[in-house]
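Sequence lines, in order, name chains G, F and D. Going by numbering that gives the first Met the number 0, the letters in the first sequence line up with residues 0 to 205, in that order. Going by numbering that gives the first Met the number 0, the letters in the second sequence line up with residues 0 to 205, in that order. Going by numbering that gives the first Met the number 0, the letters in the third sequence line up with residues 0 to 205, in that order. Heads up, the beta-carbon is just placed ideally off N, CA and C, and yes, glycines get one too. Let me begin by presenting the structure, written as structure tokens, before commenting on it.
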Amino acid sequence: MTDPSSLLIALDLLGTFVFGLSGGTLAVRRGLDIVGVLTLAAAAALAGGMLRDSLLGATPAASLVDERYLLAAFGAGLVAFFFHPLLNRLRKPVMLFDALGLGLFAVTGCRKAMEFGLDPVASILLGVMTAVGGGAARDLLVAEVPRVLREEIYALAALVGAAIPVIGRQVGGPEPVLAVIGVVAAFILRVVSVQRGWSAPRSPWS
Amino acid sequence: MTDPSSLLIALDLLGTFVFGLSGGTLAVRRGLDIVGVLTLAAAAALAGGMLRDSLLGATPAASLVDERYLLAAFGAGLVAFFFHPLLNRLRKPVMLFDALGLGLFAVTGCRKAMEFGLDPVASILLGVMTAVGGGAARDLLVAEVPRVLREEIYALAALVGAAIPVIGRQVGGPEPVLAVIGVVAAFILRVVSVQRGWSAPRSPWS
Amino acid sequence: MTDPSSLLIALDLLGTFVFGLSGGTLAVRRGLDIVGVLTLAAAAALAGGMLRDSLLGATPAASLVDERYLLAAFGAGLVAFFFHPLLNRLRKPVMLFDALGLGLFAVTGCRKAMEFGLDPVASILLGVMTAVGGGAARDLLVAEVPRVLREEIYALAALVGAAIPVIGRQVGGPEPVLAVIGVVAAFILRVVSVQRGWSAPRSPWS
């Protein structure tokens, strides 16, 4: 919205693109047609930000006002459709794109919430919801239990990503640097936790 | 909202009614009780428009302000509950009502987005989301993968329906005629594609 | 919002807490880790109110502005995580907490809708949506058909709870008393219907 938020928009567009790749790649793997691929790419790419904007009252939602969001979402769907084998060389492309999108949306969701005057804790929560919302929409549409419940360190990685800019702002750190650190921290925490099989504690009663 | 939009409201109410029939008929077929029938009718009938209005910031949502929407939704549920065999003579009633609702909501969603000043591409997207949203809510509630992903020409039919009024407005066509053409085109494309088993292209890699 | 609505907020916070217990208890039973327990608690506790506020345009949503909502939601998640056996002595804790939350949110959703100037029927509908929304989000996330469709007297209990303050206001009854009666009526109707196996009528054609 404001001028220094051009970094915010750039990160938000990148998050839209990589979540779109995660949705499109999952759709190709499930054998969906071109329309299904674009639909799942759009759901993964846009649902988190739309949820954020409806809850904030930042309407019409950013992805409806700024058409670069639609370009990013559908462009990602087309890339997944035509270049699936290339993406698949990454071995776990859905997970990797999802992890990057998770970090990007955690940071942008949280920063947009702060711009709207929300308190730190609510800003972190909205960052987490923005980050996990797209993936949850994607997974529910193909009738999977969403990653946020199935996988150990997922919401936690988003939480770390969203908390870094909030806490950093309290201590007066430089915002762009904090944003980038938040994205990288969430991404690394998520990817490493998948590779090492880390898990969060369970209830002693479960 | 404005005066010439009375056609828009009439089409929107009709869409609400036929989506309500699709939800109610599906609920009766699943053996749900009267409350379940009314719930599924309301979900199918109202979710698409509520999604549209939250994302536009057109709040309180139209279906909460204008009680004819509730009448249409719950009236459709009651019709499905009491006259199920009559509806069933249509052989594929859920599909037919769903196809008509798809066309109606694609057009009304898109036109409402244009009234709120959205760009053409964003207006088409919102039309598609309005059209597929109610059916997706209905299918998810009974734990089915939504039609928009399972069926070949579904989002595509909504896209064609939404694009006709947008493109027509650019070339200056008469709005009511364009609206009706959009509805009919989406309905026919959807129904014929089901009957002929048309499918959209799949990724060569899927 | 207004001053006499402090009772409304108290009931809303209590509803948030008990729905949080229902989500957290379900998560522990499914063997989810601490993050999954907090996520499911938050989804059950906050989704209904967030849906209500997006549809009303009461944004930013109450649970993002007033941090007591987050405390109630996550506090409930922690209680479920650490004291699961204690809650389990209630035999059917998810059902009981869910029934109480159902009554509380039916009343508060409906009263908030009336404050925003909605008509009686629309206010009742929004009360029901607020009440069933959190439980539906909770159940969908763990891939269950939501209670509102599976169980006989569920939406109906919410409807009774929401209708009491609306009808009472028409006849000029004292609002706090009507609110409490609505909550208690919905809770009792729901719990007794589960215990006695009451069911609503099915379509003769199902």
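On the criterion of 16 or more Cβ atoms from any shown chain inside 10 Å, does residue i qualify as buried, or is it exposed?
{"i": "Lys111 (chain F)", "result": "buried"}
{"i": "Arg195 (chain F)", "result": "exposed"}
{"i": "Ser62 (chain G)", "result": "buried"}
{"i": "Ser5 (chain G)", "result": "exposed"}
{"i": "Val218 (chain D)", "result": "Residue 218 (chain D) lies beyond the stretch modelled for chain D, which goes from 0 to 205, so this question has no answer here."}
{"i": "Val170 (chain G)", "result": "exposed"}
{"i": "Pro92 (chain D)", "result": "buried"}
{"i": "Gly30 (chain F)", "result": "exposed"}
{"i": "Val182 (chain D)", "result": "buried"}
{"i": "Val141 (chain F)", "result": "buried"}
{"i": "Leu7 (chain D)", "result": "buried"}
{"i": "Arg88 (chain G)", "result": "exposed"}
{"i": "Val176 (chain F)", "result": "exposed"}
{"i": "Arg189 (chain D)", "result": "buried"}
{"i": "Pro203 (chain G)", "result": "exposed"}
{"i": "Arg149 (chain D)", "result": "exposed"}
{"i": "Arg90 (chain G)", "result": "exposed"}
{"i": "Asp2 (chain G)", "result": "Reliability of the predicted coordinates at Asp2 (chain G) is poor, the pLDDT of 46 falling under 50, and the value obtained from them is presented with this limitation in mind. Answer is exposed; the Cβ neighbour count stays below 16."}
{"i": "Phe18 (chain D)", "result": "buried"}
So for residue i, helix, strand or coil by DSSP?
{"i": "Asp52 (chain G)", "result": "helix"}
{"i": "Arg146 (chain F)", "result": "helix"}
{"i": "Arg201 (chain F)", "result": "strand"}
{"i": "Asp118 (chain G)", "result": "coil"}
{"i": "Asp11 (chain F)", "result": "helix"}
{"i": "Asp138 (chain F)", "result": "helix"}
{"i": "Asp97 (chain F)", "result": "helix"}
Answer with yes or no whether the minimum CB distance from residue i to chain B is below 8 Å.
{"i": "Gly56 (chain G)", "result": "The structure shown contains no chain B; its protein chains are G, F and D."}
Who are the near neighbours of residue i in its chain, counting only those whose CB is closer than 6 Å to its CB and skipping five residues on each side?
{"i": "Thr15 (chain F)", "result": "Ala44, Tyr68, Ala71 and Ala72"}
{"i": "Ser198 (chain D)", "result": "Glu151"}
{"i": "Ala178 (chain F)", "result": "Val106 and Pro164"}
{"i": "Phe115 (chain F)", "result": "Leu55"}
{"i": "Ala20 (chain G)", "result": "The amino acid at residue 20 (chain G) is misidentified as Ala; the sequence shows Leu. So the qualifying residues of the chain are Ala75, Ala79 and Phe96."}
{"i": "Phe186 (chain F)", "result": "Ala98, Leu99 and Gly102"}
{"i": "Thr24 (chain F)", "result": "Ala79, Leu86, Pro92 and Val93"}
{"i": "Leu10 (chain G)", "result": "Leu103 and Thr107"}
{"i": "Pro119 (chain G)", "result": "Val165"}
{"i": "Ala60 (chain G)", "result": "Met49 and Asp52"}
{"i": "Val64 (chain D)", "result": "none"}
{"i": "Leu13 (chain F)", "result": "Leu103"}
Residue i touches chain G at which residues, Cβ-Cβ below 7 Å?
{"i": "Arg202 (chain F)", "result": "In the sequence under discussion, the amino acid at residue 202 (chain F) is Ser, which differs from the Arg named in the question. Result: Val27, Val36, Phe80 and His83."}
Applying a beta-carbon distance threshold of less than 8 Å, which residues of chain F neighbour residue i?
{"i": "Ile210 (chain G)", "result": "This structure does not reach residue 210 (chain G), given that chain G is present from 0 up to 205, and the question cannot be answered."}
Excluding five sequence neighbours on each side, which residues of the same chain lie with their C-beta closer than 8 Å to the C-beta of residue i?
{"i": "Leu54 (chain F)", "result": "Leu125 and Met128"}
{"i": "Ala42 (chain F)", "result": "Gly22, Gly133, Ala136, Arg137 and Leu140"}
Quick one: list the residues of chain G neighbouring residue i, beta-carbon separation under 9 Å, in chain order.
{"i": "Val141 (chain D)", "result": "Val144 and Leu148"}
Could you name the residues of chain D that residue i contacts, counting a contact when the two beta carbons are closer than 8 Å?
{"i": "Leu69 (chain F)", "result": "Val120, Ala121 and Leu124"}
{"i": "Leu63 (chain F)", "result": "Leu54, Leu55, Ala112, Leu117, Ala121, Leu124 and Leu125"}
Residues of chain F with CB under 7 Å from residue i, in chain order?
{"i": "Ser198 (chain D)", "result": "Asp32"}
{"i": "Pro59 (chain G)", "result": "Leu54, Leu55, Gly56, Phe115 and Leu117"}
Can you list, in chain order, the residues of its chain with a C-beta nearer than 7 Å to that of residue i? Leave out the 5 residues immediately preceding and following it.
{"i": "Val193 (chain F)", "result": "Met94"}
{"i": "Pro145 (chain F)", "result": "Gly134, Ala135, Asp138 and Leu139"}
{"i": "Ala154 (chain D)", "result": "Val127, Val131 and Val147"}
{"i": "Leu37 (chain F)", "result": "Phe73 and Gly76"}
{"i": "Ser122 (chain G)", "result": "Cys109, Ala112, Met113 and Val165"}
{"i": "Val27 (chain F)", "result": "Val36, Ala79, Phe80 and His83"}
Please list the partners that residue i has in chain F, where partner means a Cβ-to-Cβ separation under 9 Å.
{"i": "Leu39 (chain G)", "result": "Leu148"}
What does residue i touch in chain G if you count any residue whose Cβ is under 8 Å from its own?
{"i": "Leu155 (chain F)", "result": "Val34"}
{"i": "Glu66 (chain D)", "result": "Asp118, Val120 and Ala121"}
Under 9 Å between beta-carbons, which chain D residues line up against residue i? List them in chain order, please.
{"i": "Glu151 (chain G)", "result": "Asp32, Val34 and Gly35"}
Practice task
Could you please tell me which residues of the region 119-134 of chain D, in chain order, have their CB closer than 7 Å to any CB of chain F?
Solution key: Val120, Ala121, Leu124 and Leu125
Exercise for the section: With 7 Å as the C-beta to C-beta threshold (strictly closer), list the residues of the region 90-102 of chain D near chain G in chain order. Expected result: none
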